[in-house]
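**Student:**
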Amino acid sequence: MAVLPGSRHLRRLTSWGAASIVLMGVVSCQGRQPGAQQGPPALPVDVTKATLETVNDLTEYLGALEATEQTILRPQIQGRIVSVAVQPGQTVTVGQPMFVLDSEQVEADVAAAQAEVARQEAQLRDAKITFERQKFLADQGVVPLQNLDNARRDLETAQAQLKAARENAVAKSVNVQYKTVRAPINGLVGDIRLKVGDFVETGDELTTITVNNQLFINIPVPTTRIPQLRKGQPVKLLDPFSKRILATGAVDFVSPVVQENLQTVLVKVVVPNPDGLIRNGQIVQAEIVWDRKDAVLVPTQAVSPLAGVNFVYVVEPKPNSPGQFQVRQQKVELGSIFNNRYQIRAGLKPGETVATTNLLSLTDKAAVQPQTTNTAR
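Numbering (full-length UniProt numbering), first residue to last: 1 to 377.
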């Protein structure tokens, strides 16, 4: 077969071109292969270990302290205030003067009552003289017995009127001592809104006196806890904001009646207050410890809720990849919160490491890079 001029040269070029294309394809495939096997970069996360600790099984209640005794101070006479001898918050004792009222009207009433006694005494003397005269004349038959009966009736009336006048004078005299209003009990003085010069009527409120050395608080306890209640059981009182311990009380009374709509019983806790550090009406947080038990704890930020189910992300070594880590999405059952830590009732063991940051970016088996290893304390 005849060969055209230059055909060998053309075949040589074609062979070199095909070889170059194949070689470039191989190089190109080899260049893409490592990239195809790489996954997303490991996500940095803070981690901590679940710990096993002894915790208190307790219930917290919010309520207001009440005084065991409180009285409202009221004047027994009307008058204008001429002196206020105490300050709000001051401690007073029985009989201590607190207010002084103007006694002009009281003294005028006493003088009038004493004058009425003198008048009634004079009328009684006249009635006695009249009765004796009518009795003598009746005995002589000079006057009818009707005159004697009238004289006797007038005498009895005069005696009754004198008795009433004397009783009124005594009452008016007693009122003089009421111009000084005294403390009826020991305690702390409440708010005083009145001032010198104000006029008060009988029964107006001057202030209050509160016995503050012992307070109490009523708390509603679920009926399921009744078997764990006992008289004398300690109850800790804390400031609801700072969580500072204020005092310790004790269960004094458990109501025998259940509140049907709430299924709770009323528990009265008595709180000694010898130093007066807590006050009537103060809002406190009462803690009743029911039991002490061991519990697995993790920080609250380690728990991720999803569709009503709670999860943690357990950090563990990645299989067949030394030095690399991944997370396992683990369903957990939560208990109470203790100092910003959840009790894990099921799903996690002590010592297991969990992620505490970037939880929203994590998925099951996601690669992670642990940043820190803290304890759950």
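Backbone N, C-alpha and C define an ideal beta-carbon position, used for all residues, glycine too.
Taking the continuous beta strand (DSSP E) assigned at Ala-118, which residues delimit it?
**Tutor:** Taking the first residue of the sequence shown as position 1, residue 118 is located at position 118. Here Ala-118 belongs to no beta strand (DSSP E); instead the alpha helix (DSSP H) covers 104 to 139.
**Student:** Using three-state DSSP, classify Thr-248 as helix, strand or coil.
**Tutor:** Position 248 of the sequence shown, counted from the first residue, corresponds to residue 248. Residue state, collapsed to three classes: strand.
**Student:** On a CA-only basis, which of Thr-300, Arg-345, Leu-360 and Gly-335 is nearest Gly-329? Give me that one, please.
**Tutor:** In the sequence shown, the residue the question calls residue 329 occupies position 329. Note on residue identity: the sequence assigns Gln, not Gly, to residue 329. For Gln-329, the nearest C-alpha among the options comes from Leu-360.
**Student:** Taking 6 Å as the limit between beta carbons, can you name the residues of its chain near Ser-336, skipping five residues before and five after?
**Tutor:** Here residue 336 refers to the residue found at position 336 when the sequence shown is read from its first residue. For Ser-336, where only same-chain residues beyond five positions count, the Cβ hits under 6 Å are Gln-343.
**Student:** Taking the alpha-carbon positions, what's the Gln-123 to Ala-158 distance?
**Tutor:** Here the question's residue 123 lines up with position 123 in the sequence shown. Here the question's residue 158 lines up with position 158 in the sequence shown. Whole-angstrom Cα-Cα distance: 6 Å.
**Student:** What number of angstroms, rounded off, separates the C-alpha of Ile-283 from the C-alpha of Asn-218?
**Tutor:** In the sequence shown, residue 283 corresponds to position 283, counting from 1. In the sequence shown, residue 218 corresponds to position 218, counting from 1. If you take the alpha carbons of Ile-283 and Asn-218, they lie about 12 Å apart.
**Student:** Going by beta-carbon coordinates alone, are Ala-55 and Ala-295 separated by less than 8 Å?
**Tutor:** If you number the sequence shown from 1, residue 55 lands on position 55. If you number the sequence shown from 1, residue 295 lands on position 295. Correcting the residue type first, residue 55 is Val in the shown sequence and not Ala. Going by C-beta atoms, Val-55 is nearer than 8 Å to Ala-295.
**Student:** Could you give the DSSP three-state label for Leu-359: helix, strand or coil?
**Tutor:** Walking along the sequence shown from the start, residue 359 turns up at place 359. Of the three classes helix, strand and coil, the one that applies to Leu-359 here is helix, per DSSP.
**Student:** Check for me: the alpha helix (DSSP H) holding Ala-326 runs from which residue to which?
**Tutor:** As a working note, residue 326 is residue 326 in the sequence shown. The question names Ala, but residue 326 in the sequence shown is Gln. Unbroken run through Gln-326 is the beta strand (DSSP E), 325 to 338; no alpha helix (DSSP H).
**Student:** Mind checking which residues open and close the beta strand (DSSP E) that includes residue 378?
**Tutor:** This structure cannot settle anything about residue 378, because the visible part of the chain is limited to 1 through 377.
**Student:** Does the stretch 138 to 157 come into contact with the stretch 113 to 120, if we say contact requires no fewer than three beta-carbon pairs (one atom in each stretch) closer than 8 Å?
**Tutor:** Output reads no: the stretch 113 to 120 does not touch the stretch 138 to 157.
**Student:** For Val-86 and Ala-164, I'd like the C-alpha separation in whole angstroms.
**Tutor:** Along the sequence shown, read from residue 1 onward, the residue named residue 86 stands at position 86. Along the sequence shown, read from residue 1 onward, the residue named residue 164 stands at position 164. Their backbone Cα atoms lie some 38 Å apart in a straight line.
**Student:** Mind checking Cys-29: buried by the 16 CB within 10 Å criterion, or exposed?
**Tutor:** Taking the sequence shown and counting its residues from 1, one reaches residue 29 at position 29. Low confidence applies here, because Cys-29 scores a pLDDT of 42, under 50, leaving its location unreliable; read the following figure in that light. Classification of Cys-29: exposed, given that the 10 Å Cβ count is below 16.
**Student:** Just the Cα atoms here: how many angstroms apart are Gln-371 and Lys-349?
**Tutor:** Here residue 371 is taken as the residue at index 371 of the sequence shown, counted from 1. Here residue 349 is taken as the residue at index 349 of the sequence shown, counted from 1. Taking the straight line joining both Cα atoms gives about 21 Å.
**Student:** So what's Glu-316 in DSSP terms, helix, strand or just coil?
**Tutor:** Here residue 316 corresponds to residue number 316 of the sequence shown, with the count starting at 1. Strand, per DSSP.
**Student:** Within 10 angstroms of its Cβ, does Gly-308 collect 16 or more other Cβ (buried), or is it exposed?
**Tutor:** Looking up residue 308 in the sequence shown gives position 308. Exposed: under 16 other Cβ atoms inside 10 Å.
**Student:** With distances taken Cα to Cα, identify the nearest neighbour of Gly-190 among Ile-129, Ala-50, Gly-89 and Arg-230.
**Tutor:** Numbered from its first residue, the sequence shown carries residue 190 at position 190. The option with the nearest alpha carbon to Gly-190 is Gly-89.
**Student:** How about the stretch 100 to 114 and the stretch 166 to 173: do they share at least three Cβ pairs that are nearer than 8 Å?
**Tutor:** Contact between the stretch 100 to 114 and the stretch 166 to 173 is present, because at least three Cβ pairs lie under 8 Å.
**Student:** With three or more C-beta pairs closer than 8 Å as the rule, is the stretch 196 to 211 touching the stretch 64 to 82?
**Tutor:** Yes, since at least three Cβ pairs between the stretch 64 to 82 and the stretch 196 to 211 fall closer than 8 Å, the two stretches touch.
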